[in-house]
Amino acid sequence: LKANNVKFTTLDSKQIEQQYHFKALPKNFTGLFQADGASIDLRATLETLLKSNQQSGHVTLKENSPVTGIKQSGKVFEVSTPQGAYASEKLVLTPGPYVDEVTRFLNFGTEVIYWNMTSMYFKKIDSKIKYPTWFVFQNPAGPSGNEFYGFPEVSWDHPGYIRVAPDFVMKPLTDPTQRTSIPNQDEVNYTCAWVKDHMSGLDPKPYFESTCFVALSQNQDKELIIDFAPESVPNHSNIVIYATGWAGKFVPFLGRILSDLALDGKTKYDISHF
């Protein structure tokens, strides 16, 4: 925050409890409050972007079209799908956590692990309670990663409920096929215990349990990977990749960066940390 000149307020544990409805926090807790945070209606954002693409004369959208092969002939790539084959001199690959399902056709992979993350909501039993967006950083406690986060109540997603989730998984995955829609019950239980012990005005029973699948880079310095294909790949400078990390909130901005790289081979934005 200081490095980016972002204003914030420092709070001790008692101030956190008094101002933001938490309870029984360790006495040594320190809080940093940054007033300009916000929540994004991601579904509405995606629907807006989809509509914009549908109305554009420069975009063709194809459903149910997984990539089944990529071949190169000179400077031209031929991408095969069940809906047909497509040819281009440029490739932008953005398959999310399924990145290696596509890059394998170009004979390279990424160093990733997979998290099947658990999420849930808790019912407000005190209508006056208003939580901010928050994240608690703690050391692991036994098998629990012991870090949790939450969001304010929002009108577009289960009004009357607060989303709280663990920022850890008990069992990382090694392959996308291991993904499941069933939350890990230990992760649910640890989250419920945190809510019961440290949050006021909420029923500690979980509702609307779900999972979110994400690929994470094993390079600790690069949470997001935005780059060209490795130099060992023929025509690598015409293959642009985005993979790993949490980037839904950055989608339009990432699109600009990826198009810059594909069309111009560079971007004015600093992506050295990606």
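The opening position of the sequence shown corresponds to residue 389 in the working numbering, with each subsequent residue numbered one higher. Cβ coordinates follow ideal geometry from the N, Cα and C atoms, glycine included.
Worksheet entry | Cβ separation of Pro540 and Lys512, assumed to be a contact under 8 Å, to the nearest whole Å | Incorrect: roughly 11 Å between the Cβ atoms, too far for contact.
Worksheet item: Straight-line CA distance for Ser444 to Val542?
Response: Their Cα atoms are separated by approximately 31 Å.
Worksheet entry | DSSP three-state assignment for Val394, whether helix, strand or coil | coil
Worksheet item: For Gln460, which beta-bridge partners are listed by DSSP?
Response: Phe465
Worksheet item: How about Val455 and Val500: are their beta carbons less than 8 Å apart?
Response: Their beta carbons are not under 8 Å apart, which means Val455 does not touch Val500 by this criterion.
Worksheet item: Closest by CA to Asp424, which one among Ser620, Phe396 and Val602?
Response: Phe396
Item to complete: On the DSSP bridge assignment, give the partners of Val552 in chain order.
Response: Met508 and Gly538
Worksheet item: Ser507: buried (16+ other C-beta within 10 angstroms of its C-beta) or exposed?
Response: So Ser507 counts as buried.
Worksheet entry | Cβ-Cβ distance between Leu449 and Val639 below 8 Å | no
Fill in: Residue interval of the alpha helix (DSSP H) (run including Lys402)
Where Lys402 is concerned, the enclosing alpha helix (DSSP H) starts and stops at Ser401 to Tyr408.
Item to complete: Please confirm whether Tyr509 and Tyr595 have their CB atoms less than 8 Å apart.
Response: Result yes, Cβ atoms of Tyr509 and Tyr595 sit closer than 8 Å.
Worksheet item: If we count the other Cβ atoms within 10 Å of its Cβ and call it buried at 16 or more, is Ala432 buried or exposed?
Response: Note on Ala432: under 16 other CB atoms within 10 angstroms of its CB, so exposed under the neighbour-count rule.
Item to complete: Have a look at Arg492, Asp514, Thr565 and Asn534 and flag the residue whose alpha-carbon is nearest the alpha-carbon of Ile550.
Response: Asp514
Item to complete: Within the segment 602-640, note down every full beta strand (DSSP E) run reaching 3 residues or more, in order along the chain.
Response: 613-616 and 627-631
Worksheet entry | Residue span of the beta strand (DSSP E) that contains Ser476, given as start and end | DSSP places Ser476 in the uninterrupted beta strand (DSSP E) bounded by Gly472 to Ser476.
Worksheet item: Exposed or buried, what is Ile614 when buried is set at 16 or more other beta-carbons lying within 10 Å of its beta-carbon?
Response: buried
Practice prompt. Using 10 angstroms around the beta-carbon of Pro528, count the other beta-carbons present and answer buried if the total reaches 16, otherwise exposed.
Written response: exposed
Worksheet item: What's the gap between the Cα of Val467 and the Cα of Ser588?
Response: 54 Å
Discussion item. Given this structure, state the Cα-to-Cα distance separating Glu575 from Leu413, to the nearest angstrom.
Written reply: 20 Å
Worksheet item: So is Leu434 buried or exposed if we call it buried at 16+ other beta carbons inside 10 Å?
Response: exposed
Discussion item. I need the boundaries of the beta strand (DSSP E) containing Val557, first residue and last residue.
Written reply: Taken as a continuous stretch (DSSP letters only), Val557 belongs to no beta strand (DSSP E), as it is neither H nor E.
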